[in-house]
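A.B. asks: First residue of the sequence shown: 0, per numbering that gives the first Met the number 0; consecutive thereafter.
Don't be surprised by glycine CBs; every beta carbon is placed ideally from N, CA and C.
Sending over a structure as structure tokens; questions will come in a sec.
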Amino acid sequence: MGSARANEYCLGWAARDESGVLSPYKFSRRAVGEDDVSIKITHCGVCYGDVIWTRNRRGDSKYPLVPGHEIAGIVKEIGSNVRVFKVGDHVGVGTYVNSCRDCHFCNDALEVYCAKGVVGTFNGIDSDGSITKGGYSNYTVVHERYCYKIPDNYPLASAAPLFCAGITVYAPMMRYKMNQPGKSLGVIGLGGLGHMAVKFGKAFGLNVTVFSTSISKREEALSLLNTDKFVISSDQQQMEALAGTFDFIIDAASGDHPFDPYMALLKTAGVLVLVGFPTEVKVNPASLLLGMKTITGSAIGGSKDTREMINFCAAHKIYPEIEVIPIQYANEALERMIKSDVKYRFVIDIENSLK
């Protein structure tokens, strides 16, 4: 049952300033309300968003800041109104923990686009007025609407990256009906998001091509991820040979790069969806007009898509490629992420290392 008192102190790791350096930090979570779920965090994925906000790259960081929005764990307490979850359930939490629940986006299970603004899992304003703190901590309290059941047979360490990296690419693929076998998918950037796009594409029966600036990723793309084709994006001859052959391209590259060469690869009425975060997007109007092509963006996904994705991954045995680390390695992991030195997602073993 729910607790009317504030819960015990939560232990986490926090950044205190724009250096982004993380160190141990104790704080209070809000009490478990009647619609809330209290979760013992076992694992938390390391996302580039953790770099952005610990280092105040958007100018809105609220310190001390506990990052982490790829959370997996076990239910340890539920509120009196909670019926979907029970103590002991395996659950996950993604990038947001509240929304208005009344606008047309929330009513359509697209809470991430809430008209009144979604509340981030960390660095947001919680329902009690406190600053939300993320999954680099030993437990969290979340309204049941923003909590998702993880099938018991799906490893919690593997589940954590699904709640940001996984859903970020799954949602636009479903929106544009890229779950139909035989279609052609291009993936720009083979990092945490890109490798999940490849895995979903192969599970959907698509013909998948990876575009990268690094030849060193070729072998893993082809052998580990079973990509159909690997292309060095700077090779003009390779790129021109593929002109007009793709139904859909997922652009997961966060570094600045040209867009027109990729728009030329799309079929008539093809779509390029941006899920990375470059500093700018420049496109020649002809890249859109000549061929009725679309460039669009997508951020995470709503609750319906998230539940479907988790069940799809469990049913098809789709697992992110992860490197499990202790919390004490978090600072080095963030530095390695900046250098793209990870294959393909760090996951912090909270349960066994955060003491």
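Is P150 helix, strand or coil when you go by DSSP?
C.D. replies: coil
A.B. asks: In its own chain, which residues sit with a C-beta less than 6 Å from the C-beta of D127, not counting the 5 before and 5 after it?
C.D. replies: If the five residues before and after D127 are omitted, its C-beta is found closer than 6 Å to the C-beta atoms of R29, all from its own chain and listed in chain order.
A.B. asks: Using the Cα positions of C113 and T244, report the straight-line distance between them to the nearest angstrom.
C.D. replies: 35 Å
A.B. asks: Could you name each continuous alpha helix (DSSP H) segment of 4 residues or more that falls completely within the stretch 238 to 312, going from the start of the chain to the end?
C.D. replies: Fully enclosed alpha helix (DSSP H) runs of 4 or longer: 259 to 262, 284 to 288.
A.B. asks: Can you list, in chain order, the residues of its chain whose CB lies under 6 Å from that of L265, leaving out five sequence neighbours each side?
C.D. replies: F245, K292
A.B. asks: Determine the direct distance from the alpha carbon of K201 to that of V282, and round the result to whole angstroms.
C.D. replies: V282 and K201: Cα-Cα distance of roughly 29 Å.
A.B. asks: If E110 and R54 are in contact, beta carbons under 8 Å, what's the gap, nearest whole angstrom?
C.D. replies: No, E110 and R54 are not in contact; Cβ-Cβ is about 27 Å, not under 8 Å.
A.B. asks: Taking just the CA atoms, how far does V209 sit from G188?
C.D. replies: 7 Å
A.B. asks: Between S129 and the rest of its own chain, which residues show a CB-CB distance below 7 Å, the 5 nearest in sequence each way excluded?
C.D. replies: R29
A.B. asks: For P260, which residues from the same chain have a beta carbon less than 6 Å from its beta carbon, with the 5 sequence-adjacent residues on both sides left out?
C.D. replies: Cβ contact annotation for P260 (same chain, cutoff 6 Å, sequence separation greater than five): M238, in chain order.
A.B. asks: What are the residues that DSSP puts in a beta bridge with I231?
C.D. replies: S211
A.B. asks: To test your reading of the DSSP string, which unbroken beta strand (DSSP E) runs of 3 or more residues are found completely within the stretch 11 to 71?
C.D. replies: 21 to 27, 35 to 44
A.B. asks: Inspect the beta-carbon positions of I166 and G44 and report whether they are closer than 8 Å.
C.D. replies: no
A.B. asks: My guess is that V118 and D125 are in contact by the Cβ rule of under 8 Å, so how many angstroms apart are they, rounded?
C.D. replies: 7 Å
A.B. asks: Touch check for the stretch 146 to 166 and the stretch 301 to 310: three-plus C-beta pairs under 8 Å?
C.D. replies: yes
A.B. asks: Between the Cα of P66 and the Cα atoms of V81, L10, V270, which residue gives the shortest distance?
C.D. replies: L10
A.B. asks: Report yes or no: do three or more beta-carbon pairs, one from the stretch 46 to 63 and one from the stretch 79 to 89, lie closer than 8 Å?
C.D. replies: no
A.B. asks: Rounded to whole angstroms, what's the CA-CA distance from A251 to V272? Just pull it up for me.
C.D. replies: V272 has its alpha-carbon roughly 9 Å from the corresponding atom of A251.
A.B. asks: Would DSSP call T120 helix, strand or coil?
C.D. replies: coil
A.B. asks: Of all the options N206, Q235, H256, which has the alpha carbon lying nearest to the alpha carbon of E279?
C.D. replies: H256
A.B. asks: Return the first residue and the last residue of the beta strand (DSSP E) that N97 is part of.
C.D. replies: 95 to 97
A.B. asks: Determine the extent of the alpha helix (DSSP H) in which S183 is found, giving its start and end residues.
C.D. replies: Premise fails: S183 lies in the beta strand (DSSP E), 183 to 187, not in any alpha helix (DSSP H).
A.B. asks: Measuring alpha carbon to alpha carbon, tell me which residue in I324, S98, V74 is nearest G87.
C.D. replies: Considering only alpha carbons, the answer is V74.
A.B. asks: Take Q327 and list the residues in its own chain whose beta-carbon comes closer than 8 Å to its own, dropping the five residues that flank it on each side.
C.D. replies: S352
A.B. asks: How close, in whole Å, do the beta carbons of L192 and V274 come, if the pair is a contact with beta carbons under 8 Å?
C.D. replies: Yes, L192 and V274 are in contact; Cβ-Cβ is about 6 Å, under 8 Å.
A.B. asks: Expressed to the nearest angstrom, what Euclidean distance is found between the alpha-carbon atoms of M367 and I321?
C.D. replies: The question about residue 367 has no answer here: the residues shown for the chain are numbered 0 through 354.
A.B. asks: Quick check on the burial criterion: 16 or more other C-beta atoms within 10 angstroms. Buried or exposed for D304?
C.D. replies: In the assembly as shown, D304 is a buried residue. Its beta-carbon has 16 or more other beta-carbons within 10 Å.
A.B. asks: Which class does T226 belong to by DSSP, given the choice of helix, strand or coil?
C.D. replies: coil
A.B. asks: Quick check: the Cα distance between S157 and K85, rounded to an integer number of angstroms?
C.D. replies: 22 Å
A.B. asks: Distance check for A159 and I70, CA to CA, integer angstroms please.
C.D. replies: 5 Å
A.B. asks: Output the distance between the C-alpha atoms of L161 and T41, rounded to the nearest integer angstrom.
C.D. replies: 15 Å
A.B. asks: Which term fits R57, buried or exposed, when burial requires 16 or more other beta carbons within 10 angstroms of its beta carbon?
C.D. replies: exposed
A.B. asks: Tell me the rounded alpha-carbon separation between F26 and R144.
C.D. replies: 24 Å
A.B. asks: If distances are taken between C-alpha atoms only, which option among H315, G290, I347 comes closest to A268?
C.D. replies: When only C-alpha atoms are compared, the closest one is G290.
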